[in-house]
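Okay, so here's the structure we're looking at.
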Amino acid sequence: MSEYQIRAKDCKCCGKHVPLPTVLKEYNGIPLCPTTFSNVVEYKRIWVSLGARPHGNIRKHFSDYVQQIVESNIDKNEDGTL
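In the working numbering, the protein residues as written are 35 to 116.
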């Protein structure tokens, strides 16, 4: 297996990338494929603009993995507000 194929597996957004991502982005030290990275940035932007965790009708458009990354890296109060 090439180094490229091994690095592509560093993104844990799905079981298998087809095709493999040509580049990996990084968010707080977590390697991500470009699609997941964009979704993380957008989900965080929405969270910040609302000042709290987005409602289910917004969250349903983002994978559990994306939500987990943002929720574990965002500074928030006990009730989920910023």
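Just so it is clear, CB atoms sit at the ideal spot from N, CA and C, and this is done for glycine as well.
Annotation: the continuous alpha helix (DSSP H) that includes Pro68 extends over Pro68 to Leu84. Spatial neighbours of Leu54 in its own chain (CB-CB distance under 6 Å, excluding positions within 5 residues in sequence) are listed in chain order as Ala42.
Taking C-beta separations shorter than 7 Å and ignoring five residues to either side along the sequence, the partners of Tyr77 in its chain run Phe96, Val100, Gln101 and Val104, following chain order. Measuring C-alpha to C-alpha distances from Val57 to each of Gly63, His51, Pro68 and Lys50 identifies Pro68 as the nearest. Residue pairing by DSSP places Pro65 opposite Glu60 in a beta bridge.
In the structure shown, Ser106 adopts helical secondary structure according to DSSP, grouped into three states. Here Asp98 carries a helix assignment [DSSP, helix/strand/coil].
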